[in-house]
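S.K.: What follows is a single structure, and I will ask about it in a moment.
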Amino acid sequence: MKKKRVIALLLLICLLIGSLWFLQRLFMPKYVDEIFEGRLIEEYYENAGGNDVMFIGDCEVYENFSPITLWEEYGITSYIRGSSQQLIWQSYYLMEETLQYETPDVMVFNVLSMKFDEPQNEAYNRMTLDNMKWSMSKWNSIKASMTEAENALSYLFPFLRYHSRWSDISTEDFTYLFRQEKVFHQGYLMRVDVRPVTTYPAATPLPDYQFGETAYEYLDKMVALCKEKGIPLVLIKAPSIYPYWYDEWEEQIEAYAKEHDLLYINFLELIDEVGIDFNTDTYDNGLHLNLSGAEKLSRYLGGILRETYGLTDHRSEPETAAKWQEKVNFYYEMKADQYRELEEYGYLKSYGGRKPEE
Amino acid sequence: MLFTSYSFILFLTVMFLLYYAVPKKCQWMLLLAGSYCFYAYSGIHFLAFILLTTVSTWYSARRITRIQEQQAAYLKEHKASMDKEQKKRYKASMKKKTKRWMLTCILLNIGLLAVLKYTDFVISNINGIFHTGLTFMNFALPLGISFYTFQSMGYLLDVYRAKYPAQENAAKFALFVSFFPQVIQGPISRYNDLSGTLYEPHSLEWRNISYGIQRICWGFFKKLVIADRLLVAVKSLVSAPDEYMGVYVVLVIFFYAIELYADFTGGIDITIGIAQVFGVKLAENFERPFFSKNITEYWRRWHITMGTWFKDYIFYPISVCPWMLRLSKKSREVFGKAIGKRVPVYLATAIVWFTTGLWHGASWNFIVWGMLNFLVIVISQELEPLYAKFHNRFHVSGKTWYNAFQILRTFWLMGAIRILDVYRDVPLSFRQVGSIFTTANWNELFNGGVMRLGLTMPDYLVLVLGALVMLAVSLAGRSGSVRDKLAAKPVPVRYLVYYALILSILVLGAYGIGYDSSQFIYNQF
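These protein sequence lines are chains A and B, in that order.
Here this note's numbering is used: position 269 in the first sequence is 269, and no number is missing along the way.
Whatever position you read off the second sequence (first residue = 1), add 1000 for this note's numbering.
Structure follows, in structure tokens:
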């Protein structure tokens, strides 16, 4: 009797765990409709290792730099570990995690997130954290990122967060239950459409221009980590004209870079030199560059990186070249798909991530 | 620490593991330590209040018992040498002493409760009447103060009435006052009922664990799947009273009745289930109240421990106190026997309902709510002969349809009174109820009105199914324990029910971000 009871109880527990595991997969957002950014983090694990340059940051890296261009122009292998509104502590922990997989020759960090000193938004946290693989870096990133309403347990068991999606389940949740389609190009989110800049933002006065202590703390940690691993850290400010980059912020970053002997490039001051034309090189009025702008910017940055750090040209290495050729092919296929969509619909319907439904 | 929070579930798990790991004689001490940790979680400074009530009640009760023992010993010793009159005088003098201790303790504790809970209510009334600008004190209310104060005072009065001797061990008494599952929303336990299982050693028993967890899960189902989901609609309806009148007030009555039932009974299910897991038996607080055929019956079946507390410690003492007996005599002389004998009963009932209302909250809404209950009870009793005539004339008593009519009548009547809980003031509550008869907007229900209340069609579907399950369990409970019935089923059926229950809580429960998970309604009293 007792044995029977124990077996039944164990079966119940197994059945519950199995059901919850399945339901968790089913309920978690698949990010296949427009908000592809939720899948940026997870694609890295298939491509980890062998990258010369690692970009870390928010949308100002994953929408403004094209690793494929860096490869084609200079034979530089690179990856972008970026996600939407990626806060500086998330960037730090992603950097820490990345260094568990590989040791790049150069680390590039976009400094826009210095403006945030506190956790911001659960939805963005989720896009950055949910698909990180389990490690101490992920746990520390969760603890640093949670807003007041969030609970760490719901990151351990995302079912607790997404159970309320039971009534929103669509066929896509079943289609992408155990598989995902590749969307990004070494962490780059491609957009070929054009929406020119119409107005330039005015500088709205802020009550305080000083970057916060927490932001500096994590920037210090990045510097220390890169130093420990012997990796040069390059600070950049991407040429996005929104949100406004204040002179006071610029001064602080310049002073920090000087103090820590870091290379800092503010592309906002190099727009003409890079050749960016905000009539043709942005898809959202200057927030982000489109493919044309990203390729120009990558070409320019690649030149600096090669000259400054003497990065190796891998194009003559057959194995690496073959591997990258596949990436290049996928890049041009998507590019062609996106232009075709633009021509057919007048707008990007699937962003090339999935074939538009006929 | 809310019962439905992750931290409470973790706390409970740790308590459970420790409880059956420590030596049995230490189990009650662990419960005490856990209860104080649980209490301190709400604010460490609140411990001072519960400690004050505990120490003052324990000491006063002990002194009362000492006096009673002293009296018994003295009378025994001087049995032969004292005449009847001497004994009477001696008893009276001793009674006076015990009464002094009892009254001092009650004044201290009820005074503390009154100051903390009602000061701002008094100030707001003074400001309103005399147009003064007295500053509100904004005292923070210690967790469960209404519940543990009443439970302690019940104990004190029982000791005073020599129902049982006082607990000698202060720590044991502290556990009785602070036992963590019940400290926030009851049930209001009696010492002689609870002390047996609270202090005795318990072995790990499958039945207790299994039944306890089933009861906890059932409570979670009612709270998270039904009550917290309905809360969204109720909040929408009452936050815009001008927009939601007429038929929407009917919805408020209906939704709030179900929400409160699921919330409060769910909370009590969790409480009783937790206690059972620790081998402690708590009193039941509900007996299918929505099947009551009249308001008196309803109050015998809803929040039973509160009702019996008011009956035993307010109604009876008032009914037999000297001034009430004098009033009774006088009223018989003035109004005649038939009416005169009712005056003291109705007066005591009025006092009980006034204090019941006040106990629920420091606002006129609750006082009017209490007095309306009193009014309906008095009218029902006065109309009793008329009902009897009607029943005899039309032979409707016991007929299924008439029973259903009585049940529905009680449900809606109680629901209409209950909405004083939800609207911000008394005039608004009356206006809203009045609008049912003056606003002809019944068609809005079928024109998408209910879809604007923050709930989706799947939510309503869950609510309907959840309410049906609740009804089915309630009906099944009429002929005995539902858990006993389930235990008699074949193993696959039983475990399938457990599986469905747990999974439905986890999937359909209104918890986490995206839901405004509320605290239990009765935590606020």
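The C-beta atom is built at its ideal place from N, Cα and C for all residues, glycine as well.
1. What ranges does the alpha helix (DSSP H) occupy inside the segment 163 to 193 of chain A, keeping only unbroken runs of at least 4 residues that lie completely in it?
2. Can the beta-carbon of P1289/B be found closer than 9 Å to that of Y1256/B?
3. Using the Cα positions of I1351/B and F1315/B, report the straight-line distance between them to the nearest angstrom.
4. Can you give me, in chain order, the residues of the segment 273 to 302 of chain A that have a beta carbon less than 9 Å from any beta carbon in chain B?
5. Relative to the C-alpha of F1179/B, which candidate in S1152/B, Y1164/B, E1205/B has its C-alpha closest?
6. Kindly indicate which residue of L348/A, F211/A, E73/A has the alpha-carbon position closest to the one of G303/A.
7. Using DSSP's beta-bridge definition, name the partner residues of Y345/A.
8. Could you tell me whether the segment 59 to 75 of chain A touches the segment 161 to 172 of chain A, using the rule of 3 or more Cβ pairs below 8 Å?
9. Thinking C-alpha only, which one of W89/A, A238/A, Y309/A is nearest K296/A?
10. Please compile the residues from chain B whose C-beta is within a distance smaller than 8 Å of the C-beta of E4/A.
11. Given a threshold of 16 other Cβ atoms within 10 Å of its Cβ, counted over all protein chains shown, does T175/A qualify as buried or as exposed?
12. Select from S154/A, M28/A, S19/A, M190/A the residue whose C-alpha is nearest the C-alpha of R60/A.
13. Helix, strand or coil for V1122/B, going by three-state DSSP, please let me know.
14. Between the segment 148 to 176 of chain A and chain B, which residues of the former have a C-beta closer than 8 Å to a C-beta of the latter?
15. Run through chain A and tell me which residues come within less than 7 Å of Y1498/B, C-beta to C-beta.
16. Could you have a look at G82/A and say whether DSSP puts it in helix, strand or coil?
17. Taking the straight line between their C-alpha atoms, what separation do you get for S292/A and G1509/B?
18. Rounded to the nearest angstrom, what separates R354/A and E181/A at their Cα positions?
19. Please report whether the beta-carbon of T1013/B lies at a distance below 9 Å from any beta-carbon of chain A.
20. Between the segment 1226 to 1235 of chain B and the segment 1204 to 1215 of chain B, are three or more C-beta pairs nearer than 8 Å?
21. Under the DSSP definition of a beta bridge, which residues are partnered with L289/A?
22. May I ask you to list, following chain order, the residues of the segment 15 to 33 of chain A that have a beta carbon less than 8 Å from some beta carbon of chain B?
23. Using CA coordinates, which residue listed in A1114/B, L1108/B, V1122/B, V1022/B is at the minimum distance from W1364/B?
24. Leaving out five residues on either side along the sequence, give the residues of the same chain with a beta carbon under 6 Å from the beta carbon of S1007/B.
25. With 8 Å as the C-beta to C-beta threshold (strictly closer), list the residues of the segment 116 to 139 of chain A near chain B in chain order.
26. Using a Cβ cut-off of 7 Å, pull out every chain B residue sitting near A8/A, in sequence order please.
27. Excluding the 5 residues flanking E102/A on each side, which residues of the same chain have their C-beta closer than 7 Å to its C-beta?
28. Alpha carbon to alpha carbon, how far is A294/A from K335/A? Give it in angstroms, no decimals.
29. Quick one: give me the first and last residue of the alpha helix (DSSP H) that M1457/B is part of.
30. In chain order, what are the residue ranges of uninterrupted alpha helix (DSSP H) at least 4 long that sit wholly in the segment 1297 to 1338 of chain B?
31. With a Cβ-Cβ cutoff of 9 Å, do S1474/B and F1176/B count as a contact?
32. For S1517/B, which three-state DSSP category applies?
33. Provide the residue(s) that pair with L233/A in DSSP beta bridges, ordered along the chain.
34. Taking a contact to mean a Cβ-Cβ separation below 9 Å, would you say K229/A touches L99/A in this structure?
35. Classify N1403/B as helix, strand or coil using the three-state DSSP reduction.
36. Is the beta carbon of D1158/B less than 9 Å from the beta carbon of N1192/B?
M.R.: Concretely, from the data shown:
1. 171 to 175
2. no
3. 8 Å
4. none
5. S1152/B
6. E73/A
7. According to DSSP, which records beta bridges pairwise, Y345/A is partnered with nothing at all.
8. no
9. A238/A
10. For the sequence presented, residue 4/A should be read as Lys rather than Glu. Correct list: V1491.
11. exposed
12. The sequence shown places Glu at residue 60/A, rather than the Arg named in the question. It is M190/A whose Cα lies nearest to the Cα of E60/A.
13. helix
14. A149, E150, N151, L153, S154, F159, L160, R161, H163, S164, W166, S167
15. L12
16. strand
17. 48 Å
18. Per-residue confidence for R354/A stands at a pLDDT of 49, beneath the threshold of 50, marking its modelled position as unreliable; the derived number appears in the next sentence. Going from the Cα of R354/A to the Cα of E181/A covers about 8 Å.
19. no
20. no
21. T282/A
22. L15, L16, S19, L20, L23
23. V1122/B
24. M1001
25. E122
26. V1491, Y1495
27. A48, G49, G50, N51
28. 13 Å
29. 1457 to 1476
30. 1304 to 1310, 1316 to 1320, 1322 to 1335
31. no
32. Because the pLDDT of S1517/B is 47, which lies under 50, any placement of that residue in the model is unreliable, and the question is left without a value.
33. M107/A
34. yes
35. helix
36. yes
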